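So the structure is just underneath, and the comments pick up after that.
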Amino acid sequence: MNTKTLGTLTTSAIGLGCMGMSPAYGDADRDESIATVHAALEAGITLLDTGDFYGAGHNELLLAEALHDVPRDTYQLSVKFGGQVSPDGAFLGFDGRPVAVKASAAYSLRRLGTEYIDIYRPARLDPTVDIEETVGAIGDLVDAGYVRRIGLSEVGAETIKRAASVRPITDLQIEYSLASRGIERDILDTCRDLGIGVTAYGVLSRGLISGHWTKSSGGQGDSRTASPRFSGENLDRNLALVETLRGVAEELGITVAQAAIAWVASRGDDIVPLVGARTRARLVESLGAVDVVLTDRQLAAIEAAIPADQVAGERYPTAHMAALDSER
Ligand SMILES: NC(=O)c1ccc[n+]([C@@H]2O[C@H](COP(=O)([O-])OP(=O)(O)OC[C@H]3O[C@@H](n4cnc5c(N)ncnc54)[C@H](OP(=O)(O)O)[C@@H]3O)[C@@H](O)[C@H]2O)c1
Numbered sequence: 004m005n006t007k008t009l010g011t012l013t014t015s016a017i018g019l020g021c022m023g024m025s026p027a028y029g030d031a032d033r034d035e036s037i038a039t040v041h042a043a044l045e046a047g048i049t050l051l052d053t054g055d056f057y058g059a060g061h062n063e064l065l066l067a068e069a070l071h072d073v074p075r076d077t078y079q080l081s082v083k084f085g086g087q088v089s090p091d092g093a094f095l096g097f098d099g100r101p102v103a104v105k106a107s108a109a110y111s112l113r114r115l116g117t118e119y120i121d122i123y124r125p126a127r128l129d130p131t132v133d134i135e136e137t138v139g140a141i142g143d144l145v146d147a148g149y150v151r152r153i154g155l156s157e158v159g160a161e162t163i164k165r166a167a168s169v170r171p172i173t174d175l176q177i178e179y180s181l182a183s184r185g186i187e188r189d190i191l192d193t194c195r196d197l198g199i200g201v202t203a204y205g206v207l208s209r210g211l212i213s214g215h216w217t218k219s220s221g222g223q224g225d226s227r228t229a230s231p232r233f234s235g236e237n238l239d240r241n242l243a244l245v246e247t248l249r250g251v252a253e254e255l256g257i258t259v260a261q262a263a264i265a266w267v268a269s270r271g272d273d274i275v276p277l278v279g280a281r282t283r284a285r286l287v288e289s290l291g292a293v294d295v296v297l298t299d300r301q302l303a304a305i306e307a308a309i310p311a312d313q314v315a316g317e318r319y320p321t322a323h324m325a326a327l328d329s330e331r
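Quick note: the sequence shown, position 98, residue 101 per the working numbering, numbers continuous.
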């Protein structure tokens, strides 16, 4: 597996996002999830992304189980905190207060069964707390040895600059795909100016541009059914774009998902695509994208198949969009 650099951290060319292994996109199979984590490590993936609110701790406990016998220095844990969920799964908001930062870390360390977190990041900006305070509290955790590096998630250029004035920031985790190119406005340049890497999530637009999504996909417990891009006429329009991409991918001898992942990977050595595979079959397909070498012309053809301004619907439901500092 090739490597990439996030800030000063060397990591695998793609990372594994584990959210879908907890209830988010409908039910996931525990044994298959664990087997997928093991297969990812065997393939050379070192970056594993989770969040304390994914399944209200379920995701971290699952990872702890999967990583129980794996030497700690062979993988890197990227952990998000701050998202607040109630016992029934309802979303309650974000908490970036220093006291919450430290308490969240204590529980994550215990659930993950680890002495340190490699990259610790607030999932969203808490609008009631200055980012300097949140980052300062993570900095205290760095000084105490509980956290190695500091990351951000879904914040805009001004917040990135303010955060970086407090402590070195390793990476920004943000949605980036053929279908979601908002970071190209000013966020990517800001990250590059400050030596901050990008962990790109949703590189398959949550499966929408994977080539596997159909009008009958999704179902009970799958949060995507509430997403504007997956609904009604928007879905018809978006799936038509995917068929154009399928034609391009077939000519290149790769799958739709591989084309989408390879395009994100091609955007820079400081951009690491996170893939949300939760089965070994999907993982193997993703891994196939790592070795794909595409010419500028081929990349342009992939890009032209899914013009971002023709993708129908926002990337999150309205209430979630309002919580994105990165969209202001
Ligand atoms: N910072 C943030 O705000 C934030 C937000 C969301 C996610 N994330 C992180 O990013 C990770 C990835 O996000 P995501 O899961 O939404 O994005 P994604 O990788 O765009 O989508 C994953 C979905 O696509 C399906 N899929 C189809 N073909 C695939 C293939 N070859 N490889 C991988 N998946 C394939 C998956 O599998 P199935 O077919 O099994 O459904 C899954 O439903 C998450 O796990 C999480 O760690 C971060």
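Each residue gets a CB set at the ideal place from its N, CA and C atoms; glycine is no exception. It should be emphasised that the depicted structure is a prediction, and the values quoted were computed from it without experimental measurement.
Around the CB of D294, fewer than 16 other CB atoms lie within 10 Å, so the residue is classed as exposed. Distance from A292 to A268 at the Cβ level is roughly 7 Å; contact confirmed, criterion being Cβ atoms closer than 8 Å. Just so you know, the alpha carbons of A260 and T321 end up roughly 27 Å apart. A16 has its Cβ no nearer than 7 Å to any heavy atom of ligand 1.
Of the residues assessed, V287 falls on the exposed side of the cut-off, its CB having fewer than 16 other CB atoms within 10 angstroms. Secondary structure at F56: coil, using DSSP grouped into helix, strand and coil. For G139, the enclosing alpha helix (DSSP H) starts and ends at I134 to A147. Per DSSP, L327 is not a residue of any alpha helix (DSSP H), being assigned neither H nor E. Within the segment 244-330, the runs of alpha helix (DSSP H) that reach at least 4 residues and sit entirely inside it are, in chain order, 259-268, 283-293, 299-308 and 321-325. For S36, the enclosing alpha helix (DSSP H) covers residues R33 to E45. Between T202 and L277, the gap from beta carbon to beta carbon is short of 8 Å. Taking C-beta separations shorter than 7 Å and ignoring five residues to either side along the sequence, the partners of L64 in its chain run R114, following chain order.
Fully enclosed alpha helix (DSSP H) runs of no fewer than 4 residues occupy 160-167 and 190-196 of the segment 145-215, in order along the chain.
Counting other Cβ atoms within 10 Å of its Cβ, S219 stays below 16 and is therefore classed as exposed.
Closest in alpha carbon position to V102, among D328, I122, V132 and V82, is V132. Assignment of D239 by DSSP, reduced to helix, strand and coil, places it in the helix class. Within the same chain, G221, G222, Q223, G224 and D225 come within 8 Å of G29 by CB-CB distance, once the 5 residues on both sides are set aside.
For the pair V138 and T14, the Cα-to-Cα distance works out to about 22 Å. P125 is classed as buried because its beta carbon has at least 16 other beta carbons within 10 Å across all chains shown.
Here L95 is exposed. Its C-beta has fewer than 16 other C-beta atoms within 10 Å. The segment 170-180 and the segment 154-162 touch, with no fewer than 3 CB-CB distances between them shorter than 8 Å.
If you check the CB distance, G200 and L19 do not come in under 8 Å. Exposure of G92 is indicated by the presence of fewer than 16 other C-beta atoms within 10 angstroms of its C-beta. Taking 8 Å as the cut-off, the Cβ atoms of T282 and T49 do not count as close. If you draw a straight line from the Cα of A182 to the Cα of T258, it is about 17 Å long. The residue from Y149, R232 and D98 with its alpha-carbon nearest to that of M324 is R232.
Ranked by Cα distance from A27, the first of V296, G250, R227 and A262 is R227. Straight through space, the alpha carbons of L197 and A147 are spaced by roughly 25 Å. At the C-beta level, I212 and I309 come within 8 Å of one another.
Distances from the alpha-carbon of I37 to those of M4, N5, I17 and D72 put D72 closest. For the options E68, F56 and V251, the alpha carbon positioned closest to that of A307 is the one of V251. Residue burial annotation: R152 is buried, with at least 16 other C-beta atoms found within 10 angstroms of its C-beta.
Shortest Cα-Cα distance from D55 to any of V104, C194 and E253 involves V104. R100 carries a coil assignment under DSSP once its states are collapsed to helix, strand and coil.
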